[in-house]
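Following: one structure in structure tokens, then a few remarks.
Protein chains: 4
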Amino acid sequence: MFHRSLNVAAWTLVLVSLVSVANAGSDAPEAGRARLRDLGITTGRYAPGPLNAITDVGGVLVGHATIVRGDGALVPGHGPVRTGVTAVLPHGGDLWNQKVPAAAFVMNGNGEVTGLHWVNESGALEVPILLTNTMNVGRVSDAAVAWMIRKYPDLGIGDDVVLPVVGECDDSFLNDAQARAVGEPEVFSALDTAHSGPVAEGAVGAGTGMMAFEFKGGIGTASRVLSKEQGGFTVGALVNANFGTREDLRVAGIPVGEKIRDLMPKDMNDGSIVIVVATDAPIDSRQCMRLARRAIVGLAYTGATVRHTSGDFAVVFSTASRIPHYPKELLYSVTLLSDGHITPLFEATEEAVEEAILNAICMARTMVGRDGNTAYAIPLDRLRQAVSH
Amino acid sequence: MFHRSLNVAAWTLVLVSLVSVANAGSDAPEAGRARLRDLGITTGRYAPGPLNAITDVGGVLVGHATIVRGDGALVPGHGPVRTGVTAVLPHGGDLWNQKVPAAAFVMNGNGEVTGLHWVNESGALEVPILLTNTMNVGRVSDAAVAWMIRKYPDLGIGDDVVLPVVGECDDSFLNDAQARAVGEPEVFSALDTAHSGPVAEGAVGAGTGMMAFEFKGGIGTASRVLSKEQGGFTVGALVNANFGTREDLRVAGIPVGEKIRDLMPKDMNDGSIVIVVATDAPIDSRQCMRLARRAIVGLAYTGATVRHTSGDFAVVFSTASRIPHYPKELLYSVTLLSDGHITPLFEATEEAVEEAILNAICMARTMVGRDGNTAYAIPLDRLRQAVSH
Amino acid sequence: MFHRSLNVAAWTLVLVSLVSVANAGSDAPEAGRARLRDLGITTGRYAPGPLNAITDVGGVLVGHATIVRGDGALVPGHGPVRTGVTAVLPHGGDLWNQKVPAAAFVMNGNGEVTGLHWVNESGALEVPILLTNTMNVGRVSDAAVAWMIRKYPDLGIGDDVVLPVVGECDDSFLNDAQARAVGEPEVFSALDTAHSGPVAEGAVGAGTGMMAFEFKGGIGTASRVLSKEQGGFTVGALVNANFGTREDLRVAGIPVGEKIRDLMPKDMNDGSIVIVVATDAPIDSRQCMRLARRAIVGLAYTGATVRHTSGDFAVVFSTASRIPHYPKELLYSVTLLSDGHITPLFEATEEAVEEAILNAICMARTMVGRDGNTAYAIPLDRLRQAVSH
Amino acid sequence: MFHRSLNVAAWTLVLVSLVSVANAGSDAPEAGRARLRDLGITTGRYAPGPLNAITDVGGVLVGHATIVRGDGALVPGHGPVRTGVTAVLPHGGDLWNQKVPAAAFVMNGNGEVTGLHWVNESGALEVPILLTNTMNVGRVSDAAVAWMIRKYPDLGIGDDVVLPVVGECDDSFLNDAQARAVGEPEVFSALDTAHSGPVAEGAVGAGTGMMAFEFKGGIGTASRVLSKEQGGFTVGALVNANFGTREDLRVAGIPVGEKIRDLMPKDMNDGSIVIVVATDAPIDSRQCMRLARRAIVGLAYTGATVRHTSGDFAVVFSTASRIPHYPKELLYSVTLLSDGHITPLFEATEEAVEEAILNAICMARTMVGRDGNTAYAIPLDRLRQAVSH
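So this is what it looks like as structure tokens:
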């Protein structure tokens, strides 16, 4: 068997992973943690959707697989492991044959999201978006191919070959990055369990080992809804937040990071952010690109400085239309939002991204990783206090 | 053991592969095949280097691992396999810590070369360039990480994480693409056996299953040397040629493809090209980008039309300087070629790319792949005849 | 008075210019000159439209104003003048309020086409495209504003401000570039006399003083029509050809430039090309960008090397839809060509551009400019001979 | 005569203009206005340079010409005029032959800065940067050519042709945009009087008629100095601020705009921003581009949302090296800052841009323009109060 021993090892992982997924899947706020808005802190002017999550955009699915395994000193390739994978799917249907309009913007290319050349050339997304840790991108990409083959058995035979979209941040301060612990089981789990409804945040999925503003970071999400006059569209963001120095952090404009200077990690783990934005507004790839650029504005609202070492990527898609993979007809018709009415969508994107990042740090709990390296959760009482005074 | 059974299987592969590599490594023209220039056909005005290969650029190393395994009907995931991997290294030293200036241009993003966001942001290349088949990119990327870890055991621990550069073309007309047959053994083999000197061409390494102009295609290489007054610099190109319809093919301007309309594959396998250009001219990343754009001009000289389905990528690096990964000093000094003197380098790039593509089809032998699918070698006598009349 | 003498001179110019325009407007092949196809030389596989001109795309209008004034030694700012302006309009209607989808690609930015940031951001063209000489861009741009104000008297008051699209090539080998001789009268004339039907080529309008392949160059045009199965769409190109060394020139693949080494200008005037492509295919701005990149492939077919000094710009628009300037509705519907069927449009673009460039040099007559500088017309008999042998 | 009356008027303008320039040249804070820092409000962590201005970067020169003419109802083309031109020169030497490294980033292309294709292709700036109002770009560009010809009489004869860099914002709420009132006299004045030392801010030069956050806006500047360990480099920013809705405005993170909702203009004049950043850090064009992207981060810190209608451009240059226009030697040597040490420069850029924007609104006085349209100055006492509470 090709992967037998891997699979044996993997099942152990999977058990851990499924437990984590199950926990994560409960989507209950982790004990002692709360989302920004639940702390009484609001940012922006638009109202969030019912879940204040990317899944407020109808049809969008999110799945996580989390691996937390081992403790103590690093044995390279053998843990401790603090990592995972997060999947975002524009819809639960036949994505390959019913692509969605999409585009990606790279603000600082010190990082990687694979597959973006094709996303931007075609103006479409035809595969799930997967997020994971940096040195795991290859393995996750390969697992994505496997998952696609399972779903589309003719890929690379009578059907086209597939180019996965896999984004990374570096969790090596907590995680044994050399282990590249995310394999097929976790990727399949994240994809197969992806669901609508509440989204687990913080140290979950790809966010498991991430840090933001030198606090524990990871996955965060938020959404905004435009008024009826503006079209009533929803914009949702999901981020894997792994960037920033402490002093940069601003919450609702307040320099919170300057006020909480303890609880520092022993080293700076200078990372990145991948931002995924979904909307049900009928926009095409050019307009998705415009939203992707605004995602970076939302990032800046948190005080981010887009450091040399921070790979800052934004991938945006619209769920409002479908693009066939193999169009039979020469022509197709599509309904689009006029650029003259797009500014509210920009603003909603900025607000959703800003709050998604802040939700990531609010929801992440303190985590001890390899070599005892510790990423501290932002103390929510001190956050609240810093903002209110 | 993590990969034990994989490794067992892999050793079989490796044996096959090493044989292929050994054959390929002999660098002797395959029986009955010849390079364009050896047919008496010359293109361009600049003289080639001694080998007329990318390895004429001092220090550049090329390695191939080739997998030819099985015959007959496709059993998806189990062959027949006609694929491989090709490695290009700017130098044989400590590439991670002594990066080289680089840039990449994407003419048509219907394809993938991973890691280019970082190449273009940093203006440098710090990893080998690997070429392989499309659905194998993830696995090759993961193997590249493993190879880098072997070489730099502190990666992702005290050292940075690594972003591999892996480019793809689609060989699924001949190859069982679902098998993703290129794994660690082949990647390690290609990297570890990479050498200066003659470069095997045609159906070798990543070119094993490729087609160009509906002939058998694959790996080709060529070089050009500027005059002493122009700086005496060398430019070398290596391509994985897998694009084009028959009727497009032009050799030295002659519409050869229109004259050889038989020997057609039963289906069009509409692919891509990845172009690697090396030079010892002292240029920075901005200038590498300018060369990368000219690589596309050389592509067009072969009659290429840059079809919708063709991912056309060019990666360019200079071997003339070294960029430290962890600069201790704030400042460094570099010597650069003035833009006012760069046009000959553009022309040399164009000529090298054009001839590299033509060498690929001249050197590739007929190959029968999965389901009896056959890619015919261009008949050299008819090529010669077509050009001379 | 600051501009008095210039303005006095300008009226003279206008008279000359109007005569020239009248002549140019006759659209008769200049005596002794012929278009490529009329020489019995064909390139490409698609059929041209009825006029083999950009105006085969329904609704497209082209106008020229030509200034040929003075002889002998240059008196900077006072002539001799060999220049002009060419206007291309997507349609003759209310362009400002009924924009067309558009995009522009810059292959080598050693030149200028103003207004492209807005074209690419909005994905639309809302003003005429104007071509002229380099140092005249400002004055032509200002005249374009004046023309737009005349047409839209509320611009910059209750209406938006306007950003002209003006492209340049450098005609200073023949022309007194410091004179910036193209002013409002010429710009208004080119715009007001723009018409459908045959397009004057060669040394006319913006092409008056241009050189290509060290022959006399200038304006050229061509078109291609897709088959009914491919959608029956028309693609037309218009170029201002002012680039290339003699030895680069290829006609239908034949290195004609190498065969005609006399009739050289005394100095190389190393210039640029602006390419305008129109189509009635229903494509959006992303697809226009894809066509714009293929325009460069067509350029390369002529042997162009995209030298350091050559600004190579392509602007593409589609006449198939209209985008309102002030959309009242949030949403609009549009019919688009599927990317899966776009390759023929790419090929047609390449062919039209290639032939447009060759038409420019075939139609241009020898011109003597400032300081007796002479740009020789390519001798058509020798061209024919070179291609046929 | 075409331009006679305009030209007659122009001399009047010049007188007015020179007076304005003289006033502006005194560089004294306008009565009742103060810079942000003088209000006791500080943003950012780095120290400003001695002048807290772009001219803290050694050698950088700034000149303004201001036109304030007429009152009352608009007579299109005849005023009232509230506009001007601002010139930024990297150094006072032979800029054409001693270019500086440069790059430009376009965050939202709803606007224009001419000449950027060449800046980004060459990686250099060889002309002054001029800022003005939108429909005046052509005329200013032409004047820039005239000024360059005066300085380099062989331009377009034995010397290259020149491509001006002219950026625009739309001041048509206050200004008679159709007048295109900035001509040669004003452009020559701004260029010829450009000087080091204090920089006039607010409603001066190109900022005369601009609005930001629905307050009176215009020209602002600021600078930052890195520590000795960081290289001791200076970064300076100069902006023409003409963007934003009131509610967006944040000062030091505080939503000041939400607290001052009166003093609104009768219409939203939805504009743009052009940002110029200078540094004496030895960086190349790739690194200038990285700074240009960070300029947008600084913009976002002010609460900017990068609306559809806002053209957001950043042009960055380094004064640390010189690039010859006509290099005699093939090679040249340059000293560069390592990317590994560039983050402080990013942060300094962000801070300088943020403060430059805020200085623009702090220094601008209420202005009544055409049709009685009024842009109110932000009341400084209320600003101070809003920030402190």
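Residue numbers (numbering that gives the first Met the number 0), protein chains in the order written: chain Y, 0 to 388; chain X, 0 to 388; chain A, 0 to 388; chain R, 0 to 388.
Virtual Cβ for every residue (Gly too), placed ideally from N, Cα, C.
Below-8 Å beta-carbon distance, residue i vs any chain Y residue
i, result
"R/Y45", "no"
"A/V333", "yes"
"R/M288", "no"
"A/D283", "yes"
CB of residue i within 8 Å of CB of residue j, strictly
i, j, result
"X/G137", "Y/P163", "yes"
"X/N51", "X/R32", "no"
"X/V99", "X/T318", "yes"
"R/I274", "R/F242", "no"
"A/T348", "A/V250", "no"
"R/G216", "R/A359", "yes"
"A/I419", "A/G235", "Because chain A is modelled from 0 through 388, residue 419 of chain A falls outside the range shown and cannot be assessed."
Cβ neighbours of residue i in the same chain (closer than 8 Å, five flanking residues each side left out)
i, result
"A/N372", "F172, L173, P264, K265 and D266"
"Y/A123", "K98, V99, P100, A101, S284 and I322"
"R/W117", "L162"
"R/N119", "A102, A103, S284 and M288"
DSSP state of residue i mapped onto helix, strand, coil
i, result
"A/N135", "helix"
"R/H194", "strand"
"R/T54", "helix"
"A/I218", "strand"
"Y/F232", "coil"
"X/E328", "coil"
"R/H116", "helix"
"Y/F316", "strand"
"Y/D380", "helix"
"R/K150", "helix"
Cβ-based neighbour list, residue i, same chain, cut-off 6 Å, excluding 5 preceding and 5 following
i, result
"R/T207", "T65, R81, T82 and G83"
"Y/R381", "I259"
"A/I356", "G219, V238, A240 and T301"
Any C-beta of chain A under 8 Å from that of residue i
i, result
"X/Y300", "yes"
"X/G62", "no"
"X/D338", "yes"
Residue-chain proximity (residue i, chain X), Cβ-Cβ < 8 Å
i, result
"Y/W117", "yes"
Neighbourhood of residue i by C-beta distance below 7 Å, restricted to the same chain and skipping five residues each side
i, result
"A/L335", "P281, I282 and D283"
"Y/A303", "F242, G243 and D247"
Residue-chain proximity (residue i, chain D), Cβ-Cβ < 8 Å
i, result
"R/D169", "Any reference to chain D falls outside this structure, whose protein chains are Y, X, A and R."
Any chain R beta carbon closer than 8 Å to residue i
i, result
"A/M134", "yes"
"A/P127", "no"
Taking Cβ-Cβ distances below 8 Å as the criterion, which residues of the region 256 to 270 of chain Y are in contact with chain X? Those residues of the region 256 to 270 of chain Y that come within reach of chain X (Cβ to Cβ, closer than 8 Å) do not exist; the list is empty.
For the region 345 to 364 of chain Y, enumerate the residues whose C-beta is nearer than 7 Å to any C-beta of chain R, in chain order. For chain R, the residues of the region 345 to 364 of chain Y that bring a beta carbon within less than 7 Å of one of its beta carbons are F345, E346 and E349, in chain order.
Check distances from the C-beta atoms of the region 225 to 236 of chain A to those of chain Y and list, in chain order, the residues that come in under 7 Å. Within the region 225 to 236 of chain A, the residues whose Cβ lies closer than 7 Å to some Cβ of chain Y are G230, listed in chain order.
For the region 188 to 219 of chain Y, which residues have a CB atom closer than 8 Å to at least one CB atom of chain X, in sequence order? Listed by position along the chain: nothing, the set is empty.
Using a Cβ cut-off of 7 Å, which residues of the region 174 to 189 of chain R contact any Cβ in chain A, in chain order? From the region 174 to 189 of chain R, only A176, Q177, R179 and E183 have a Cβ closer than 7 Å to chain A.
Quick one, which residues of the region 145 to 170 of chain A are near chain X if we go by CB-CB under 9 Å, in chain order? Listed by position, the residues of the region 145 to 170 of chain A near chain X (Cβ gap below 9 Å) amount to none.
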